[in-house]
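Numbering (my numbering), first residue to last: 1 to 228.
Remarks on the structure that follows.
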Amino acid sequence: MPYPIFLDLSEKICLVVGAGEVGLRKIVTLLAHGPGRVIAFDPGPRTAAISALLAKHPEFTYMQHPLQTKDLDNAFLVFACTDAPEINRQVADWCRERNILCNIADAPDHGSFTLPAVISRGDMTLAVSTSGASPALSKKIRSRLEKEFGPEYGCACTLLSRVRTSVLALGRPSRENRIIFRALADSCLTDLIRTRDRAGLEQLLKDTLPIDLHSRIGELCDDLFQNH
1 MPYPIFLDLS EKICLVVGAG EVGLRKIVTL LAHGPGRVIA FDPGPRTAAI
51 SALLAKHPEF TYMQHPLQTK DLDNAFLVFA CTDAPEINRQ VADWCRERNI
101 LCNIADAPDH GSFTLPAVIS RGDMTLAVST SGASPALSKK IRSRLEKEFG
151 PEYGCACTLL SRVRTSVLAL GRPSRENRII FRALADSCLT DLIRTRDRAG
201 LEQLLKDTLP IDLHSRIGEL CDDLFQNH
């Protein structure tokens, strides 16, 4: 059974071998998660999509040659996405020798990790995995979760983060803080956000938060509905 984990890619070097359709998806996803650097290797011509990413992301580098063993120096994470299975396996073997995390697009079992089906709602991420047994089932479950957990959950995470910071700054006992956080998590918070009921949301916060924070309730809710 694989061990589930969420990785912090800041200050990390991530490599993508092969910049075709699959490789491009990996590059875009990596760049969206704040890596220290993403380097793609592909001897083929630079595409318009790659050029656009290079212009937008200074942390992205494109090397127009095949991966060499020396390119693995200081690498943290590698995706092998070429259309040549033998090249992907060679990359996996090199990574295994160096204890580098590696994902093989066409042969997940040969790499050191697989990717789950992911739903992102702001700071909230849901991941579904069948350990490679059935990617189709993972996608089916993800589709159901996408309907159940809409954009309002991302807004809720933003609000709860603001509330947590403000409550902790009051220096109250941890037991009292837990009561507040659990009450909000168990409330109709997401329904109020989904229906864009700001008045109801502010009243919920007034009923739940310490009186010391009542003057800041409007500030806590500011800009909450802009992207929802």
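Note that CB positions come from ideal geometry on N, CA and C, so glycine has one too.
These numbers were taken from a predicted model, which means no experiment stands behind them.
For residue i, the first and last residue of its enclosing alpha helix (DSSP H)
i      : result
ILE119 : Element bounds for ILE119: not the alpha helix (DSSP H) but the beta strand (DSSP E), 117-121.
TYR153 : 152-169
THR61  : Looking at the DSSP string, THR61 is not in any alpha helix (DSSP H); the run it does join, the beta strand (DSSP E), is 60-63.
ALA48  : 48-56
LEU184 : 174-185
ARG216 : From DSSP, ARG216 is part of no alpha helix (DSSP H); its letter is neither H nor E.
LYS140 : 135-148
GLY200 : 198-208
Residues sharing a beta bridge with residue i, DSSP
i      : result
LEU101 : LEU77
PHE41  : VAL17 and MET63
ALA127 : VAL118
Beta-carbon proximity list for residue i, same chain, < 7 angstroms, skipping 5 on both sides
i      : result
LYS26  : VAL16, PHE79 and CYS81
LYS206 : HIS214 and ILE217
ILE49  : Just to set this straight, residue 49 is Ala in the shown sequence, not Ile. Answer for ALA49: LEU24, listed in chain order.
ASP191 : none
Cβ pair residue i, residue j closer than 8 angstroms
i      : j      : result
SER166 : LEU213 : yes
GLN64  : ARG46  : yes
ASP106 : CYS157 : no
THR130 : SER138 : yes
GLY150 : ARG198 : no
VAL38  : GLU59  : yes
LEU54  : TYR62  : yes
ARG164 : PHE181 : yes
LEU159 : LEU224 : yes
PRO210 : ARG175 : no
Endpoints, beta strand (DSSP E) assigned at residue i
i      : result
THR190 : Not the beta strand (DSSP E): THR190 falls in the alpha helix (DSSP H), residues 189-194.
Whole-angstrom distance between residue j and residue i, CA atom to CA atom
i      : j      : result
PRO116 : ALA52  : 27 angstroms
GLU97  : GLY18  : 21 angstroms
HIS110 : CYS155 : 39 angstroms
ASP93  : PRO108 : 13 angstroms
SER141 : ALA183 : A small fix is needed here, since residue 141 is Ile in this sequence, not Ser. Their Cα atoms are separated by approximately 28 angstroms.
LEU77  : CYS14  : 5 angstroms
CYS188 : ALA40  : 45 angstroms
ARG144 : TYR153 : 15 angstroms
LYS56  : ALA185 : 37 angstroms
LEU201 : GLU146 : 23 angstroms
THR208 : GLU219 : 16 angstroms
LEU170 : ASN177 : 10 angstroms
CYS95  : ILE87  : 12 angstroms
Neighbourhood of residue i by C-beta, 8 angstroms cutoff - its chain only, sequence neighbours within 5 removed
i      : result
SER10  : GLY34, PRO35 and GLY36
PHE113 : PRO2, LEU101, CYS102 and ASN103
PRO4   : PRO116, ALA127 and SER129
Contacting residues, own chain, Cβ-Cβ under 6 angstroms from residue i (five flanking each side not counted)
i      : result
PRO66  : PRO43
LEU30  : CYS14 and VAL38
VAL128 : PRO116, ALA117, SER138, ILE141 and ARG142
ALA75  : ILE13, LEU15 and ILE100
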